[in-house]
Amino acid sequence: MNLVDTFSEFKAGKNIDRPTMVRVLEDVFRTLIKKKYGSDENFDVIVNTQKGDLELWRVREIVPDGEVTDDLRQISISQAKEIEDDYETGEECYQQLFLEDFGRRAIMAARQTLMSRIMELEKDEIYKKYKDRVGEIVLSEVHQILKREFLIVDDATGNELILPRSEAIRGDFFRKGDMVKGIISRVDMKNNNPVVVVSRTDNRFLEKLMEQEVPEIEDGLITIKKIVRLPGERAKVAVESYDDRIDPVGACVGMKGSRIHGIVRELKNENIDIVNWTSNISLLIQRSLTPAKVTSIELNHETKNANVFLKPDQVSLAIGKGGANIKLASQLSEYTIDVYRDTDTFEEMDDVDLEEFSDEIEDWVIVAFKSIGCDTARSVLSLSMEELTRRTDLEEETINNVRKVLASEFEEEAKSE
79 MNLVDTFSEF KAGKNIDRPT MVRVLEDVFR TLIKKKYGSD ENFDVIVNTQ
129 KGDLELWRVR EIVPDGEVTD DLRQISISQA KEIEDDYETG EECYQQLFLE
179 DFGRRAIMAA RQTLMSRIME LEKDEIYKKY KDRVGEIVLS EVHQILKREF
229 LIVDDATGNE LILPRSEAIR GDFFRKGDMV KGIISRVDMK NNNPVVVVSR
279 TDNRFLEKLM EQEVPEIEDG LITIKKIVRL PGERAKVAVE SYDDRIDPVG
329 ACVGMKGSRI HGIVRELKNE NIDIVNWTSN ISLLIQRSLT PAKVTSIELN
379 HETKNANVFL KPDQVSLAIG KGGANIKLAS QLSEYTIDVY RDTDTFEEMD
429 DVDLEEFSDE IEDWVIVAFK SIGCDTARSV LSLSMEELTR RTDLEEETIN
479 NVRKVLASEF EEEAKSE
């Protein structure tokens, strides 16, 4: 067994710097020497990383015959002359050692240690390298598809990364060999192995995609103030320009949507709203509820609540599919947004507030309806059972009971008339 061959074999293709490799080799061989001689103080280990070989030398002081008091540090003149005739008493004797001198078992153990140390070094190198790259986009090839994750291979380095299904967009469908983009979200150490986790749902992924597509963001002329996402469904990005001549929203969208379309395709048709950032909360809420047109807003800065009034035909736009629009607008503005129908006097007289039914309908059910903009009896009855179930997440039986209670109110009014 040749340790030099082992060293050459493992060094090939490893991203380990030369001084570190030399230190590892010295440690391995000094351990070998300690096991055989008890100490490595009087030994030199010379490593040639370019040729991939090494030399081991034992250094001892030459003393007259019969005066050796320390076998590790001293050698008699007669023994020294057996090594080389020119030695004289008082000089240092250099004796070269060969791997064969240590025995097959010791060499096998050293080879195993060397392999183990090099693999540990490689793991540390991978961990440090990717730890510094957290937040960067990585292009990878799908290598293996597992139940809970995709094993992907970094196209640049060949290292194996992990894309958990929880970090993939709902519309993502990959086959082996497909190329996939994602962001390095974190690097963990599990069982002493570096695990590089890639994400496509991380907000930073959308931020980096926008940096790639919009030169003004990369140049620092436009800043992304905040991103909120429901991955694969909808996203809102608040942007601000430091140059009055640049329209941040227009620059991000591009001519006829040229810049944003590429990002939307990458994110499986995620609907992206670009919002002009402002410190005026009322205006920010109004912009974040796009495409709905707001009539008026009442703010409570202490409780961070916003009551938003819209025309009846704008309420569903403000809430969005599955409540996505209002949820993201609340996250963007950091205010709890409640939407209300801005009805005229005649309709108000003909309608009844849901609070009036608190003796028949539980409070938490009323809150669920109000959260989707249905604060009156007619606003609930105007929506279909399917729509109410989807938006409120209430059970059909609960919704059905509520509708019966509300409908009976108007039936009673009709009879009394």
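With the numbering used here, the residue at position 33 of the sequence shown is 111, and numbering never jumps.
Each residue gets a CB set at the ideal place from its N, CA and C atoms; glycine is no exception.
1) Counting only C-beta atoms, is Ala-455 closer than 8 Å to chain C at any point?
2) Rounded to whole angstroms, what's the CA-CA distance from Ser-336 to Val-342? Just pull it up for me.
3) Hey, Leu-432 and Thr-454: beta-carbon distance below 8 Å or not?
4) Using a threshold of 8 Å, state whether the C-beta atoms of Val-353 and Lys-314 are closer than that.
5) Could you compute how far the alpha carbon of Ile-261 sits from the alpha carbon of Gly-298?
6) Excluding five sequence neighbours on each side, which residues of the same chain lie with their C-beta closer than 7 Å to the C-beta of Lys-502?
7) Can you round the beta-carbon distance between Leu-103 and Phe-180 to whole angstroms, since I take them to be within the 8 Å contact cut?
8) May I have the straight-line CA-CA distance separating Thr-381 from Ile-363, to the nearest angstrom?
9) Between Asp-202 and Glu-219, which are expected to be in contact by the criterion C-beta below 8 Å, what is the C-beta distance as a whole number of angstroms?
10) Considering Cα atoms alone, identify which of Glu-245, Glu-238 and Pro-293 is closest to Val-273.
11) Taking 7 Å as the limit between beta carbons, can you name the residues of its chain near Lys-113, skipping five residues before and five after?
12) Between the Cα of Ile-140 and the Cα atoms of Asp-149, Glu-133, Leu-132 and Lys-286, which residue gives the shortest distance?
13) Would you say Leu-406 and Arg-312 are within 8 Å of each other, going by their C-beta atoms?
14) Decide if Ala-396 is buried, meaning its Cβ has at least 16 other Cβ atoms within 10 Å, or exposed.
15) Let me check one thing: in DSSP terms, what residues is Arg-136 bridge-paired to?
16) Determine, using beta carbons only, whether Ile-240 and Glu-227 come nearer to each other than 8 Å.
17) Buried or exposed: Tyr-208, going by 16 or more other Cβ atoms within 10 Å of its Cβ?
18) Please report how far the alpha carbon of Ser-366 lies from the alpha carbon of Pro-97, in whole angstroms.
19) Mind checking Thr-147: buried by the 16 CB within 10 Å criterion, or exposed?
20) For Ile-477, count neighbouring Cβ atoms within 10 angstroms of its own Cβ and tell me buried if that reaches 16, exposed if not.
21) Buried or exposed: where does Trp-355 fall if 16 or more other Cβ atoms within 10 Å of its Cβ makes it buried?
22) On the DSSP letters alone, give me the boundaries of the beta strand (DSSP E) that Gly-260 sits inside.
23) Could you give the distance in angstroms between the alpha-carbon of Lys-518 and the alpha-carbon of Arg-481?
24) Just to confirm the assignment, what range does the alpha helix (DSSP H) spanning His-339 have?
25) Here's the rule I'm using: 16 or more other beta-carbon atoms within 10 Å means buried, otherwise exposed. How should Asn-403 be labelled?
26) Between which two residues does the beta strand (DSSP E) containing Ser-319 stretch?
27) Kindly list the residues whose CB is nearer than 6 Å to the CB of Glu-169, restricted to its own chain and excluding five residues on each side of it in sequence; keep chain order.
28) Given a cut-off of 8 Å on the beta-carbon distance, is the pair Arg-211 and Asp-250 in contact?
29) By Cβ distance below 7 Å, which residues in the same chain neighbour Arg-264 in space, the five residues on each side in sequence not counted?
30) Buried or exposed for Leu-224, going by 16 or more other Cβ atoms inside 10 Å?
31) Would you kindly work out how many angstroms separate the C-alpha atoms of Arg-243 and Phe-252, rounded to a whole number?
32) Provide the residue span of the beta strand (DSSP E) that contains Lys-303, from first to last.
33) Among Asp-143, Glu-348, Glu-145 and Ile-415, which one has its Cα closest to the Cα of Leu-377?
34) So, with DSSP's three-state summary, where would you put Asn-237?
35) Could you tell me the alpha carbon to alpha carbon distance between Arg-138 and Lys-159, rounded to whole angstroms?
36) Helix, strand or coil for Asp-232, going by three-state DSSP, please let me know.
The short version:
1) Within the model displayed, chain C is absent; a lone protein chain is all it includes.
2) 10 Å
3) yes
4) In this structure, the beta-carbon distance from Val-353 to Lys-314 falls below 8 Å.
5) 21 Å
6) The structure shown does not extend to residue 502, since the chain spans only 79 to 495, so no value can be given for it.
7) Rounded, the Cβ-Cβ distance is 15 Å, inconsistent with contact.
8) 16 Å
9) Under the criterion of beta carbons closer than 8 Å, Asp-202 and Glu-219 do not qualify as touching, at roughly 25 Å.
10) Glu-238
11) Ala-184
12) Asp-149
13) yes
14) buried
15) Its beta-bridge partners are Phe-121 and Gln-173.
16) yes
17) buried
18) 56 Å
19) Counting Cβ neighbours within 10 Å, Thr-147 comes out exposed, since fewer than 16 surround it.
20) buried
21) buried
22) Unbroken beta strand (DSSP E) run through Gly-260: 257-268.
23) Outside the displayed range of the chain (79 to 495) lies residue 518, so it cannot be described from this structure.
24) 336-344
25) Buried: at least 16 other Cβ atoms inside 10 Å.
26) Under the DSSP assignment, Ser-319 falls in the beta strand (DSSP E) whose first and last residues are 312-319.
27) Once the five neighbours on either side are set aside, the close Cβ partners of Glu-169 are Ile-140.
28) no
29) Result list for Arg-264: Val-212 and Val-275, in chain order.
30) Answer is exposed; the Cβ neighbour count stays below 16.
31) 11 Å
32) 300-308
33) Ile-415
34) coil
35) Roughly 13 Å between the two C-alpha positions.
36) strand
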